[in-house]
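There are 2 protein chains.
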Amino acid sequence: MNTLELIKKNLDTFSKSERKVAEAILASPQTAIHSSIANLAKIAEVSEPTVNRFCRRLDTKGFPDFKLHLAQSLANGTPYVNRNVNEDDGPEAYTSKIFESTMACLNAAKNGLDINLINRAVDVLTQANKISFFGLGASSSVAHDALNKFFRFNIPVSCFDDVVMQRMSCINCTEGDVIVLISHTGRTKPLVEVAQLARENDAFVIALTAADSPLAEQSNLVLSLGVPEDTDIYMPMSSRIAQLVLIDVLTTGFTLRRGAKFRDNLKRVKAGIKDSRFEKTED
Amino acid sequence: MNTLELIKKNLDTFSKSERKVAEAILASPQTAIHSSIANLAKIAEVSEPTVNRFCRRLDTKGFPDFKLHLAQSLANGTPYVNRNVNEDDGPEAYTSKIFESTMACLNAAKNGLDINLINRAVDVLTQANKISFFGLGASSSVAHDALNKFFRFNIPVSCFDDVVMQRMSCINCTEGDVIVLISHTGRTKPLVEVAQLARENDAFVIALTAADSPLAEQSNLVLSLGVPEDTDIYMPMSSRIAQLVLIDVLTTGFTLRRGAKFRDNLKRVKAGIKDSRFEKTED
DNA sequence: GATTTTCTTGTAGTTTTATTTCATTTCTAG
DNA sequence: CTAGAAATGAAATAAAACTACAAGAAAATC
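First to last, the protein sequences are chains V and E.
Residues in the first sequence are numbered consecutively from -18, following this note's numbering.
Residues in the second sequence are numbered consecutively from -18, following this note's numbering.
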């Protein structure tokens, strides 16, 4: 738990003098971590033992230990607090807010993931005869991205971003086929129907979507990113980034699982691209 | 600069005893920040002043100050150090490595951005008659994503991921058109030619690409993400994520610049989608 | 190869910083 | 208004960090 947040939350549980300490710290945390206990006591206009007691109340061993905790939470740039863009932000402000909230979001997503399910998904993908990635709207770019990555493994893989093609593809499914459906909310009707159709035709359905959504219910395996987002004005930015990173994770798992033989194959594909470039490397 | 990294990098500039200290810290940074100078000296089998000298050599005021620095860099989950996936990583390991290195990469990207150029890009986009997003290969999904976002602003916007269409589109360019080219390396021949073609037809060319690349030279405005990446085996994962976040930033800047009127428009587009859903929200 | 110089390291002493103890003050409840 | 409890700070104690200096090792010079 972020120390600054903790202090804010417990402001009313402190005694009068202890609150003075809290406020002094909140006013300038940077000063706090670079002060001695005597100095901070003077700033807060209390005695040294009071500062010490304040530290202990926050479950630290004492003042130096408290400074350590505080320093650590400052290092994170408080990414969880108050990072929404508002109307009068300048370029500097909205740029760092977006980057920081994206990072915070990835962090949250990481902590909320079920590693066993990921492992399971990699299993399924490794054994698939054919893999298809489906997404609609904003999620279609995630599906495309997935296609791009799996394409290099030299296995049958496809990607559709319109419902008609998705349905047609599902009808031709057989056992051993894996369909990966991508939807932030899991409430896009056509996609839920596609999931149903796929399962009726014996395909294995993996969903990258919200837990407890209609789409999740229709799927064999759900990888959910617990990333709430205000989708009312701005677009589902961060959550989509998290989906992409999840695709990265699956790709990596896939690569590792299939071992060295396949990694050679990857290199060969890359080598084949080099001709169309000024130099080496990748787009 | 990350303290642990700094220690590693300077390992050979230390004297024999100081290196003992460095190694003791690297072996268990967590122990280090919770030890007194006497304790750490004992662990490293040196004297206390040696530890103190070691701290000063790293440009800190002394041992307590050093602990603060170290604590801060530990708080970031050591994302900069040694985060490459290797063959025998389990799901847990590669998942967190990928998430963490992506976050680190975003952080690096954020710090390397030129805010003025972003502001300039937003300016140009806001005044464009027509916006086109071009990408090839892995970058095409970024272009699609951009299309998806700008599409909602109710301005002429298009996206092509094959060279032929891109060239055709460029030939029809007129002054006031803006072309956004996306390429991780900036060395994809066809895309560089497209940039040339677009400029010959009076379009304004914005490139999301590496600085000092052929593509950068052919563009009117370059937004570069200084994100080096080992593209030899794994794909350009993190850098592409950074590009996407940059698109988010541009979109946000665009939204803010055009003011409240346009934000209403966004809401209307959203409302129009709702019918095709089980509930509200967005994919 | 010896000798001087420089750099490195540790011991012991000093100073700074943090913590504990305890007396005083300030609330709170009857 | 007073007994008891809680909060606070002064002073003393303990701990930690730092400094000065001297002994020893390594490097350079003759």
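C-beta atoms are modelled at their ideal positions from N, C-alpha and C, and glycine is treated no differently.
All figures in this text were calculated on a predicted structure; none of them were measured in a lab.
Looking at the backbone, the Cα of aspartate 104/V and that of phenylalanine 235/V are separated by about 8 angstroms. Note: leucine 162/V is bridge-paired with Phe115/V and Ala188/V in the DSSP secondary-structure output. Within a 10 Å sphere around the beta-carbon of glycine 43/V sit fewer than 16 other beta-carbons, which makes this residue exposed.
Of all residues in the segment 28 to 47 of chain V, those with a C-beta nearer than 9 angstroms to a C-beta of chain E are Lys42, Pro45 and Asp46, reading in chain order. For leucine -8/V, the three-state secondary structure derived from DSSP is helix. Of all C-beta pairs linking the segment 77 to 85 of chain V to the segment 72 to 88 of chain E, three or more are shorter than 8 angstroms, placing the two stretches in contact.
Not flagged as an interface residue toward chain V: glutamine 147/E, since no C-beta distance is shorter than 7 angstroms. At least one CB atom of chain E sits nearer than 7 angstroms to the CB of alanine 119/V. Note: cysteine 140/E is bridge-paired with Phe114/E in the DSSP secondary-structure output. Using a Cβ-Cβ cut-off of 7 angstroms, threonine 83/V counts as an interface residue toward chain E, since at least one Cβ of chain E sits closer than that to its own. Sequence-distant Cβ neighbours of threonine 31/V in its own chain, meaning closer than 6 angstroms and more than five residues away, are Ser(-2). Distance from the CA atom of alanine 192/V to the CA atom of glutamate 198/V, rounded to whole angstroms, is 9 angstroms.
Going by DSSP, leucine 55/E is part of no beta strand (DSSP E) but of the alpha helix (DSSP H) stretching over 44 to 56. Residue burial is scored here from C-beta neighbours: alanine 102/E has at least 16 other C-beta atoms within 10 angstroms and is therefore classed as buried. For isoleucine 96/E, the C-beta contacts it makes with chain V under 7 angstroms involve Pro72, Glu73 and Thr76, in order along the chain. Contact of asparagine 201/E with chain V is not assigned, every C-beta pair being separated by 7 angstroms or more. Annotated as distal: serine 150/V and leucine 196/V, with beta-carbon spacing of 7 angstroms or more. When beta bridges are read from the DSSP output, valine 203/E appears opposite Ala188/E. The closest CA to that of threonine 155/V, considering only Phe114/V, Asp143/V, Val145/V and Ala109/V, is found on Ala109/V. Not one beta carbon of chain E lies nearer than 7 angstroms to the beta carbon of threonine 190/V. Relative to serine 121/V, the option among Asp70/V, Gly93/V and Ile222/V whose CA is nearest is Ile222/V. Contact between the segment 0 to 18 of chain V and the segment -17 to -9 of chain V is present: 3 or more CB-CB pairs across the two stretches fall below 8 angstroms. Secondary structure of glutamate 26/V (DSSP, three-state): coil. Taking 8 angstroms as the Cβ-Cβ cut-off, the segment 4 to 21 of chain V approaches chain E at Ile14 and His15, given in chain order. If you check the CB distance, glutamine 147/V and valine 175/V come in under 7 angstroms.
Assigned with DSSP and collapsed to three states, glycine 234/V falls in helix.
Between histidine 50/V and threonine -6/V, the C-beta spacing is not below 7 angstroms. Cysteine 86/E carries a helical assignment under DSSP once its states are collapsed to helix, strand and coil. Against chain E, the CB of asparagine -9/V has no partner CB under 7 angstroms away; the residue lies outside that interface.
In terms of Cβ geometry, alanine 184/E and aspartate 158/E form a close pair [threshold 7 angstroms]. Taking the CA atoms as reference points, threonine 76/V sits about 13 angstroms from aspartate 69/V.
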